[in-house]
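Undergrad: So the sequence shown is residues 16 to 495, counted in my numbering.
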Amino acid sequence: MPTPPIDTAPRLPKVRTRRSRRQRSKPYGRAVGMHRKNQAFSTSCCVVLAANKTMPVQRKSQRGSALLLIVISAVTLIGIVGLALDASHLGYMKARLQSTVDAMALAAAKRLDETGSTTSACEAARTTLLENAEGFRELQTALPTTIVCPGASWFQIQYSKGVAPFNAGTTPANYVRVRIAQINTRPSLARVLGFFGDLAVTASAIAGPSAPVEKLCSLLPIAVCGESAAPAPNFGYEPGRIYALKGKTKTSEGGAFKDYYFLDPDRLVGGQAYPDLRRNFAGGFGSCLVVGSPDLVPLKTGVNIGPVRQGVNTRFNEYGGAAGQVTAAGFPPDVLIGEPSPLLGVDSAGALSQGSTVITYGSQVIGRNRKDYLDRLAAGPAAYDIAPLPAPGIGALLRREVAVPIAQCPPQDQGTDKGVRIRGAGCFFLLQKMGSGGSESDLIAEFIPNCEAAGRPGPNPGGGGPYVIQLFRDPSSKDS
16 MPTPPIDTAP RLPKVRTRRS RRQRSKPYGR AVGMHRKNQA FSTSCCVVLA ANKTMPVQRK
76 SQRGSALLLI VISAVTLIGI VGLALDASHL GYMKARLQST VDAMALAAAK RLDETGSTTS
136 ACEAARTTLL ENAEGFRELQ TALPTTIVCP GASWFQIQYS KGVAPFNAGT TPANYVRVRI
196 AQINTRPSLA RVLGFFGDLA VTASAIAGPS APVEKLCSLL PIAVCGESAA PAPNFGYEPG
256 RIYALKGKTK TSEGGAFKDY YFLDPDRLVG GQAYPDLRRN FAGGFGSCLV VGSPDLVPLK
316 TGVNIGPVRQ GVNTRFNEYG GAAGQVTAAG FPPDVLIGEP SPLLGVDSAG ALSQGSTVIT
376 YGSQVIGRNR KDYLDRLAAG PAAYDIAPLP APGIGALLRR EVAVPIAQCP PQDQGTDKGV
436 RIRGAGCFFL LQKMGSGGSE SDLIAEFIPN CEAAGRPGPN PGGGGPYVIQ LFRDPSSKDS
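#1: Would you tell me roughly how many angstroms separate the C-alpha atoms of A148 and L83, rounded to the nearest one?
#2: Inspect the beta-carbon positions of L278 and P227 and report whether they are closer than 7 angstroms.
#3: Leaving out five residues on either side along the sequence, give the residues of the same chain with a beta carbon under 7 angstroms from the beta carbon of I374.
#4: Please classify Y482: is it buried, with 16 or more other beta-carbons within 10 angstroms of its beta-carbon, or exposed?
#5: Give a yes or no on contact between the region 190-198 and the region 439-448, applying the rule of three or more CB pairs nearer than 8 angstroms.
#6: State the Cα-Cα distance for the pair A402 and P347, rounded to the nearest angstrom.
#7: Apply the 10 Å Cβ neighbour rule to S219 and answer buried if 16 or more other Cβ atoms are within range, or exposed otherwise.
#8: Cα separation between A343 and I409?
#9: If I484 sits next to D128, beta carbons under 8 angstroms apart, how far is it from one beta carbon to the other, in whole angstroms?
#10: Are the CB atoms of V435 and A238 nearer to each other than 7 angstroms?
#11: When the distance is taken between beta carbons, is C424 closer than 7 angstroms to G270?
#12: Counting only the same chain and skipping the five closest in sequence on each side, list residues whose C-beta sits under 7 angstroms from that of G377.
#13: Cutting at 8 angstroms between CB atoms, please list the residues of its own chain near K176, excluding the five before and the five after it.
#14: Across which residues does DSSP place S219 in a beta bridge pair?
#15: Look at the Cβ atom of R415, then the Cβ atom of L445, and state whether they are nearer than 7 angstroms.
#16: Three-state secondary structure (DSSP) at T200?
#17: By the three-class DSSP mapping on this structure, what secondary structure does Q340 have?
#18: Does DSSP classify E242 as helix, strand or coil?
#19: Rounded to a whole number of angstroms, what is the C-alpha to C-alpha distance between P490 and S168?
#20: Suppose you measure from the CA of C240 to the CA of R471; what does that come to, to the nearest Å?
#21: Report yes if the CB atom of T264 is closer than 7 angstroms to the CB atom of K433, and no otherwise.
#22: Please specify which runs of the beta strand (DSSP E), each continuous and at least 3 residues long, are wholly inside the region 303-329, giving them in chain order.
#23: Apart from the five residues just before and just after F487, which ones in its own chain have a Cβ nearer than 6 angstroms to its Cβ?
#24: Quick one: give me the first and last residue of the alpha helix (DSSP H) that N147 is part of.
#25: Who are the Cβ neighbours of G478 in its own chain at under 8 angstroms, not counting the five residues just before and after it?
#26: Which runs of the beta strand (DSSP E) at least 3 residues long sit entirely within the region 326-403? Give them in chain order.
#27: If you draw a straight line from the alpha carbon of S114 to that of V163, how long is it in whole angstroms?
#28: DSSP on V417, reduced to helix/strand/coil?
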């Protein structure tokens, strides 16, 4: 293999050029670029290092601000929820207290209507209050140890002759107003927003007799004949006067003033009465009649007076001949069962007498008349003949006051049968047992201005006849 030629040419020495001071201060091109890159890199590194040194301080500040916002939001949310809960609880308290006061007013008005005693009415309201306080923590907390009637009562109870306007203290007392001034409760979660005061609710209610009923229920299932030309509401019957009502077992008979016919419950539309006469006349007649309706009400013929008499006389605590069919448990006697002494008699012309004395009005009756009846009711249980319910008592109040339809007579043809139109309704006080003192179908009773019955009140206040005990709006309370 040939050997490469050797470079024998002489090497020239390197000549170092001398630069001026200005030139030496400037780097050469490539060196200048590198210098600038290094300078930029060092600057950016400083910036990054500086940023890295300040970032932990900014994060700590942001964490503190977020925590403060979370706390404020949580407190606000808890406060709003607390307000909602407290408002809901306050509404519940208001509704329950109003229900309690409504029940108190109804109980007091009913007892006042039954007895005429404001003391008894107050006692009825007090008893209802204590019963409704069970499970009502705020009410139980507010109740004093003792509540006394009729004096310094913890609740306010007032009486008035009328309802519109309600003038407290006017007589005779017919309507009752019950008011509970204030029941307090403490706010719960709403206190985080600064609500530390007590939350208070009040309630008021008025109750008493309604307008005369236009749909009559719980009635004695007979229709008495009124005078054809006599106006409403009594149709010829005079309050305070005693009548011998004559029962007609045949629709072809009678039709005169004071005659009465038997209603046929089996043929009344929607009738729910018992088919048994004893139960119907003892108080189990479940049908209702619309007063003033043009429709004819069907009548019953061929009635056996015996069961009718037995049903009526349960009010006098007489259940003979009806054992197992009508009992005191289902049809209690009146708490007062006393009768006139001697009993009233009826002659063939329908005139009434007590012994040798002709009797026209209840005030003429000697012995246990209606005035005596009302006085004993007002006196309370100590004056009763029979202890009142609940057990062990068996008696009921006002069982001897009955609501009776007043009909247009004589009966009119209704297909193959006959019926009557109901013009109105009246109230009678049964003075003595049925069948005593006259024929066994005679009802000797005093016509009274009004009485409590079941049914639907009419739109027109005033007048007389059957009514219901109901609540009325109290102008002094928007929630009553």
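Even for Gly, the Cβ is constructed at its ideal location relative to N, Cα and C. All values reported here derive from a predicted model rather than from experimental measurement.
TA: Let me lay it out:
#1: 46 angstroms
#2: no
#3: I257, L359, L367, S368, V380
#4: buried
#5: no
#6: 11 angstroms
#7: buried
#8: 7 angstroms
#9: 6 angstroms
#10: yes
#11: yes
#12: G255, I257, N384, R385, E461
#13: N182, T185, T186, P187, A188, N189, Y190
#14: R194
#15: yes
#16: strand
#17: coil
#18: coil
#19: 23 angstroms
#20: 23 angstroms
#21: no
#22: 312-315
#23: V178, I221
#24: 133-147
#25: A226, P227, A247, P248
#26: 367-369
#27: 22 angstroms
#28: strand
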